[in-house]
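**Student:** Numbering (my numbering), first residue to last: 2 to 379.
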Amino acid sequence: MIFIAFGIKAAFPFLNGWLQDSYPEASEAGTVALSAFTTKLAIYALARSYAGVEILIYIGALMTFFPIFFAVIENDLRRVLAFSLNNQLGFMVVAIGIGTELAINGAVAHAFAHIIYKGLLFMSMGAVLYRVGTCKASELGGLFKYMPITAVCSIVGAVSISAFPLFSGFVAKSLIMSSLGYEGLTFIYFMLLFASAGVLHHSGIKIPFFAFFAHDAGLKPKEAPINMQAAMVLSSVLCILIGIFPSLFYQILPYSTYYQPYDFSHVLSQLQLLMFAVFAFICLWHFKIYPPELNSTVLNSDWFYRVLFYKITNFFVIRLFGLWEVFSSSLIKVVKLIYVKVQTSSIQSGNSAVKVGRSTVLILFSLGFVLVCNYLLF
2 MIFIAFGIKA AFPFLNGWLQ DSYPEASEAG TVALSAFTTK LAIYALARSY
52 AGVEILIYIG ALMTFFPIFF AVIENDLRRV LAFSLNNQLG FMVVAIGIGT
102 ELAINGAVAH AFAHIIYKGL LFMSMGAVLY RVGTCKASEL GGLFKYMPIT
152 AVCSIVGAVS ISAFPLFSGF VAKSLIMSSL GYEGLTFIYF MLLFASAGVL
202 HHSGIKIPFF AFFAHDAGLK PKEAPINMQA AMVLSSVLCI LIGIFPSLFY
252 QILPYSTYYQ PYDFSHVLSQ LQLLMFAVFA FICLWHFKIY PPELNSTVLN
302 SDWFYRVLFY KITNFFVIRL FGLWEVFSSS LIKVVKLIYV KVQTSSIQSG
352 NSAVKVGRST VLILFSLGFV LVCNYLLF
């Protein structure tokens, strides 16, 4: 039960509906606080209690995989970030499941870096929401000329979460990917590679592109307030400094293991992956086959209990109530029939007081049974 509780907090598959529903509905500042504290507490608890538990590897891999498809078709950009957050949590859960010193360092590093760059992305979208009043991709576009500082900070957050070299996401995620390679988990490794390319699509490109560079929506907002700008600039600087000076960052991690993220082959393979993902996005956009955003609510695993379970329970409840209606009406008819027969026999025998008394008790008992059943059912 404790593991399931941590799973709800960490937004495991089929337990993650609360995350996508709550984060986009919070205030501009509230969403930043939620992204920093709520799920990261679960990651800390899992690392302390369940490090090295193999099932977490497969749970985490699934977490990195399935949110990609929902984020691509989601219209609300803050909800896109919520799906992306679920994806990033999967990387941390995989690392905790591996449980080696390098993997735990990766989980901690990724959680730390994620707080900064995901907070930065939520701040940039919060600034857009504050000035424009919406975060719908279909209603935004062309905001770069009016909110340039917000746009640049959003781009820094986007390249950080996409794990571009020289940014915080790269030096954190590299620890996790390397730990997978050392443990020989090839299939999981390629799943996370695919998930990394997906992150570039839905967070690295979609967020800044649709908000600041897509079709001009005719909006002319002011730049974000100075306090919002200061917070975004500070977070952007941290994303860059961590990426440029990873050795200082690694010194605060739990285990003192040597790791060099800027290995030539590693940097080259990461750039190849990112360039391929960018090329795929350009082709999909140019040939107009990029999945359109849906204005309706995009259901993910919560479809099972919002739609499927609802239909199943509704099916059985309607039939249960129908059976109860038949049973209760039949019982009332039987009670009436008994009452009439007892009355008739008592009149014929002349001992009406005793017979009527017994029939009254029987009728009251039957009616009481019906009332109790109605109370319990309704």
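Built from N, CA and C at the ideal position, the CB exists for glycine as well. Here the structure is a predicted model, which means the values were calculated and not measured.
Out of curiosity, what's the CA-to-CA distance linking residue 34 and residue 120?
**Tutor:** Taking the sequence shown and counting its residues from 1, the one referred to as residue 34 is at position 33. Taking the sequence shown and counting its residues from 1, the one referred to as residue 120 is at position 119. Roughly 8 Å separates the two Cα atoms.
**Student:** Locate the alpha helix (DSSP H) running through residue 68, then write down its first and last residues.
**Tutor:** Looking up residue 68 in the sequence shown gives position 67. 68–74 is the span of the alpha helix (DSSP H), which, as asked, contains residue 68.
**Student:** When you compare only the Cα positions, how much space is there between residue 42 and residue 66?
**Tutor:** Locating residue 42 in the sequence shown gives position 41, where the first residue counts as 1. Locating residue 66 in the sequence shown gives position 65, where the first residue counts as 1. Near 22 Å, if we compare the C-alpha coordinates of residue 66 and residue 42.
**Student:** If you compare alpha carbons, which of 275, 172, 49 is closest to residue 206?
**Tutor:** Looking up residue 206 in the sequence shown gives position 205. The shortest Cα separation from residue 206 among 275, 172, 49 belongs to 275.
**Student:** Output the distance between the C-alpha atoms of residue 193 and residue 212, rounded to the nearest integer angstrom.
**Tutor:** As a first step, residue 193 must be located in the sequence shown, where it is residue number 192. As a first step, residue 212 must be located in the sequence shown, where it is residue number 211. If you take the alpha carbons of residue 193 and residue 212, they lie about 27 Å apart.
**Student:** Can you look up residue 77 in the DSSP assignment and give me helix, strand or coil?
**Tutor:** Taking the sequence shown and counting its residues from 1, one reaches residue 77 at position 76. Residue state, collapsed to three classes: strand.
**Student:** Measuring only the C-alpha atoms, how far is residue 145 from residue 132?
**Tutor:** Numbered from 1 along the sequence shown, position 144 holds the residue referred to as residue 145. Numbered from 1 along the sequence shown, position 131 holds the residue referred to as residue 132. Cα to Cα, residue 145 sits roughly 13 Å from residue 132.
**Student:** What's the gap between the Cα of residue 68 and the Cα of residue 21?
**Tutor:** Reading the sequence shown from its first residue, position 67 is the one you call residue 68. Reading the sequence shown from its first residue, position 20 is the one you call residue 21. Rounded to the nearest angstrom, the two C-alpha atoms are 10 Å apart.
**Student:** Hey, is the region 43–55 in contact with the region 159–176, meaning 3+ C-beta pairs nearer than 8 Å?
**Tutor:** Contact fails: fewer than three Cβ-Cβ distances are below 8 Å.
**Student:** Classify residue 136 as buried or exposed, calling it buried when 16 or more other Cβ atoms lie within 10 Å of its own Cβ.
**Tutor:** Here residue 136 refers to the residue found at position 135 of the sequence shown. Counting Cβ neighbours within 10 Å, residue 136 comes out buried, since at least 16 surround it.
**Student:** With residue 23 as the anchor, note down where its alpha helix (DSSP H) starts and where it stops.
**Tutor:** Residue 23 sits at position 22 when you count from the first residue of the sequence shown. It spans 18–23 - the alpha helix (DSSP H) in which residue 23 sits, taken as one unbroken run.
**Student:** Does DSSP classify residue 137 as helix, strand or coil?
**Tutor:** As a first step, residue 137 must be located in the sequence shown, where it is residue number 136. Of the three classes helix, strand and coil, the one that applies to residue 137 here is strand, per DSSP.
**Student:** Mapping the DSSP letters down to three states, classify residue 45 as helix, strand or coil.
**Tutor:** Here residue 45 refers to the residue found at position 44 of the sequence shown. Helix at residue 45.
**Student:** If you draw a straight line from the C-alpha of residue 243 to the C-alpha of residue 252, how long is it?
**Tutor:** To locate residue 243, count along the sequence shown from 1; it is residue 242. To locate residue 252, count along the sequence shown from 1; it is residue 251. C-alpha separation (whole angstroms): 12 Å.
**Student:** Within this structure, are the beta carbons of residue 25 and residue 64 separated by less than 8 Å?
**Tutor:** The count along the sequence shown starts at 1 and reaches residue 25 at position 24. The count along the sequence shown starts at 1 and reaches residue 64 at position 63. Contact: no.
**Student:** Is residue 155 closer than 8 Å to residue 122 when the C-beta atoms are compared?
**Tutor:** Counting from 1 along the sequence shown, the entry for residue 122 is found at position 121. Counting from 1 along the sequence shown, the entry for residue 155 is found at position 154. The criterion of a C-beta distance shorter than 8 Å is satisfied by residue 122 and residue 155.
**Student:** If you follow the alpha helix (DSSP H) that residue 183 is in, where does it begin and where does it stop?
**Tutor:** Here residue 183 corresponds to residue number 182 of the sequence shown, with the count starting at 1. Counting along the chain, the alpha helix (DSSP H) containing residue 183 begins and ends at 169–184.
**Student:** Grab the span of the alpha helix (DSSP H) containing residue 267 for me, first residue to last.
**Tutor:** Numbered from its first residue, the sequence shown carries residue 267 at position 266. 265–287 is the span of the alpha helix (DSSP H), which, as asked, contains residue 267.
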